[in-house]
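S.K.:
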Ligand code: CP
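Numbering (the numbering used here), first residue to last: 41 to 374.
1. Excluding sequence positions up to five away, which residues of its chain have a Cβ less than 8 Å from the Cβ of residue 170?
2. Distance, Cα to Cα, residue 134 vs residue 50?
3. Starting from the C-beta of residue 153, find all residues in its chain whose C-beta is less than 7 Å away, skip the five residues before and the five after it, and write them out in chain order.
4. Among the residues of its own chain, which have a CB less than 8 Å from the CB of residue 280, if the five just before and after it don't count?
5. Along the chain, where does the beta strand (DSSP E) containing residue 140 start, and where does it finish?
6. First and last residue of the alpha helix (DSSP H) that includes residue 352?
7. Run the Cβ filter for me: residues under 7 Å from any heavy atom of the ligand FMN, listed in the order they occur in the chain.
8. In this structure, does DSSP put residue 239 in helix, strand or coil?
9. What are the partner residues of residue 125, as DSSP defines its beta bridges?
10. So the alpha helix (DSSP H) residue 216 belongs to, where does it begin and stop?
11. Taking three-plus beta-carbon pairs below 8 Å as touching, is the region 340 to 347 in contact with the region 294 to 311?
12. Assuming contact is defined by CB atoms lying nearer than 8 Å, are residue 264 and residue 211 in contact in what I supplied?
13. Residue 163 by DSSP, collapsed to three states: which one?
14. What residue from 323, 203, 164 has the CA that sits closest to residue 299's CA?
15. In angstroms with no decimal places, state the Cα-to-Cα distance between residue 277 and residue 77.
16. Quick one: Cα of residue 56 to Cα of residue 165, how far?
17. Compare the C-alpha of residue 246 against each of 83, 330, 288 and name the closest.
18. Look at the alpha carbon of residue 123 and the alpha carbon of residue 189, and state the distance between them as a whole number of angstroms.
19. Among residues of its own chain, excluding the 5 on either side of residue 174, which ones have a beta-carbon nearer than 8 Å to its beta-carbon?
20. Does the region 267 to 274 come within contact of the region 300 to 320, defined as at least 3 CB pairs closer than 8 Å?
21. Please report the distance separating the alpha-carbon of residue 261 from that of residue 213.
22. Name the one or two DSSP bridge partners that residue 323 has.
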């Protein structure tokens, strides 16, 4: 299995997006198009969710080789609300446990007329590799790939920021915590760099920040005082213990004291700064209850936007896979 990011592989012969493997190489117009389409699926809290018919007759399979709540459920809801049949393969009880390869699993589901594979895996490269083996009408969607990429999360974060703060071109975005192991931070950076932003700051202890040749142009900050000063957006990240050697996991209490987003540390940022977190949260470690549930928190809006963004991506990619002509700008949710 190769570990290419898939930025070329995700396009069809006409240059359109057929898969979504990474936000690398996705243009500003394409991102704006997807966000605009996602907006048509957003409904105020308490209203019935948006529905559409663009996936009627299609089948979407969710294959998650790593745990997930938000991404898996939102892909399931997104597909169902667009009329698709949805398969959630339980990897523990599937024939993978009897030694069947991932590729044979894909071929088996494809033979049952699965049109979209939604994949999450702890190892780099799986979505791009699978995309090389699927039929021409089939789309592959990256739902979280190792520490590298989580494209729909990057889109939903960009959508949330634009909804609440408008134009991103002058914003200071501070991403705090375990950036080294974070596919969320990398995809947010890709989306916001393409859309335009003021400054992207990576805030945390040296051992939790990525190497200097990654996320080039982002400013590294060792303290919250430096990193949050004047920030418009504060994105807290979970310590990804599952990707760290036991000995390197920071002590939760001292980490919270130094890097936790609390009412006190949030006061370093611009007044009213947006607080974001991709979830799952470890309350009392990277974020306090009062901030997570406070008036500046956009966390529930991020979750809600996740369904809308995944509806937009599913609708767009499947239309491209079946009919690779440029999309009309008139599509609206049913
Ligand atoms: N943000 C995110 O990927 O959450 P899940 O792991 O619950 O899907």
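The beta-carbon is built from N, C-alpha and C at its ideal position, and this holds for glycine as well.
M.R.: So, from the data block:
1. 142, 143, 146, 157, 159, 180
2. 28 Å
3. 99
4. 187, 218, 221, 222
5. Run containing residue 140: none; DSSP gives neither H nor E here.
6. 339 to 362
7. Absent from the structure shown: the ligand FMN. Ligands present: the ligand CP.
8. strand
9. 99
10. Residue 216 -> not in any alpha helix (DSSP H); beta strand (DSSP E) instead, spanning 212 to 216.
11. no
12. no
13. coil
14. 323
15. 28 Å
16. 21 Å
17. 288
18. 27 Å
19. 146, 150, 157, 180
20. yes
21. 12 Å
22. 327
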